[in-house]
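Q: Before I ask anything, here is the structure I am working with.
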Amino acid sequence: MPELPEVETVARGLRQSLPGRRILGVRLGKTDFIDDPSALELLLPGTTVSRIRRLGKNLLVDLQSGDGEAESLALLIHLGMTGQIAIISPDAPVPKHTHVFLSLDDGREMRYTDVRRFGRMAILSTADQEKELGGLGLEPLDILLDEFRARVGSRNGRIKALLLDQSVMRGIGNIYADESLWRAKIHPRKLGSKLTSEELKRLHRAVQGILREAIRLRGSSISDYVDSGGRKGKYQLRHRVYGRDGKKCSRCGSLIRWATVAGRSSHFCPRCQPAPRERKTAKKSKPRR
DNA sequence: CTTACGGCCTGGGTGC
DNA sequence: TGCACCCAGGCCGTAA
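Here it is, written out as structure tokens:
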């Protein structure tokens, strides 16, 4: 599943081949993950890619219009769970579930393949970009310790939910949330406001360290993630808890556990990440009839 | 305002 | 071969 390290890897791949390329044509398959499919068909041809940006899990392909107009557009791509981008020869076999084809002026094409179609594509004006992406939190790789403390330590939500909340920080998903909490020795159910100063510091370091290492290893290929060159990542080999329930914790030997926290599957070591005191929520007695 | 939670989207994998 | 079911991440509506 593409989270920050995977999207960053894709972005770096696209930066190798897209800037300077002119888009010649657009062909679409299923379009229910595209905000306005006809806008893509209408506006993309004739534009030139100027740069590739990543904001959290979002990719932005900046476009210059062919006629030199100042109006700048960007193609937003969110890979969802199963989105893949390929820059490839049009003669290459087309994988199933490929729904967007952009022909490029170097003879290749950019393809978007998405089994689940949980991804998203949209053409955004500068104003749209602010509206759509303005609510995102800070980049976890850039956030300073003090900012991290302020944003996370003040909140009463479960730390797992806070790490996943894109308006707190952008780009962390289930894998890197679980891995970061394990490294920082914090239970996913603990409340942000209950984290000690030391825990906040450890978590800040853990998040950044893990994201950096994951980018270095080109992300985690869990289900079907590949980068824009079709290569798998290697960080899944370093996972300590994600998908390892029932296996031994590499730090203490206890068995990794699985539980639902904040509505998401969570993996953690019950010894290294001690459970917080349960909040006293009156156990709802079953309504009897 | 904040937080919690259920439901929805889709289809591959699994188990019977 | 079929078929029901689960699950993934993000988001949204609703409730407290």
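Residue numbers (my numbering): 21 to 309.
Don't be surprised by glycine CBs; every beta carbon is placed ideally from N, CA and C.
(1) Considering only residues of the same chain and omitting the five flanking positions on each side of PRO110, which have a CB-CB separation below 6 Å?
(2) Cα separation between PRO39 and HIS207?
(3) Specify the secondary structure class of VAL281 as computed by DSSP and reduced to three states.
(4) Name the DSSP beta bridge partners of GLU129, please?
(5) In chain order, what residues of the same chain have a beta carbon less than 8 Å from the beta carbon of SER274, not counting five sequence neighbours either side?
(6) Run through the DSSP bridge pairs and tell me what GLY45 is partnered with.
(7) Just how far apart, CA to CA, sit GLY173 and LEU220?
(8) For the alpha helix (DSSP H) holding HIS148, just list the boundary residues, first then last.
(9) Sorted by chain position, which residues of the same chain lie with C-beta nearer than 6 Å to GLY139's C-beta, five sequence neighbours on each side aside?
(10) Sort ILE72, GLY155, VAL188 and THR68 by Cα distance to LEU34 and report the nearest one.
(11) From the DSSP output, in three-state form, read off LEU24 for me.
(12) Compare the Cα-Cα distances from LEU63 to each of LEU201, LEU122 and THR280 and report the closest residue.
(13) According to DSSP, is ARG238 helix, strand or coil?
(14) Any contact of the segment 241-260 with the segment 149-159, i.e. 3+ C-beta pairs under 8 Å?
(15) Go to VAL172, then tell me how far its alpha helix (DSSP H) extends in each direction, as first and last residue.
A: Inspection of the coordinates gives the following:
(1) For PRO110, where only same-chain residues beyond five positions count, the Cβ hits under 6 Å are GLU129.
(2) Rounded to whole angstroms, PRO39 to HIS207 spans 43 Å at the Cα level.
(3) strand
(4) ILE108 and SER123
(5) LYS268, CYS289, PRO290, ARG291 and CYS292
(6) Answer is SER123, bridged to GLY45.
(7) 7 Å
(8) According to the sequence displayed, residue 148 carries Asp and not His. ASP148 -> alpha helix (DSSP H) spans 146-153.
(9) Correct list, in chain order: PHE53, HIS98, LEU99, GLY100 and GLY103.
(10) ILE72
(11) helix
(12) When only C-alpha atoms are compared, the closest one is LEU122.
(13) Residue state, collapsed to three classes: coil.
(14) The segment 241-260 and the segment 149-159 do not touch, with fewer than 3 CB-CB distances between them shorter than 8 Å.
(15) 165-172
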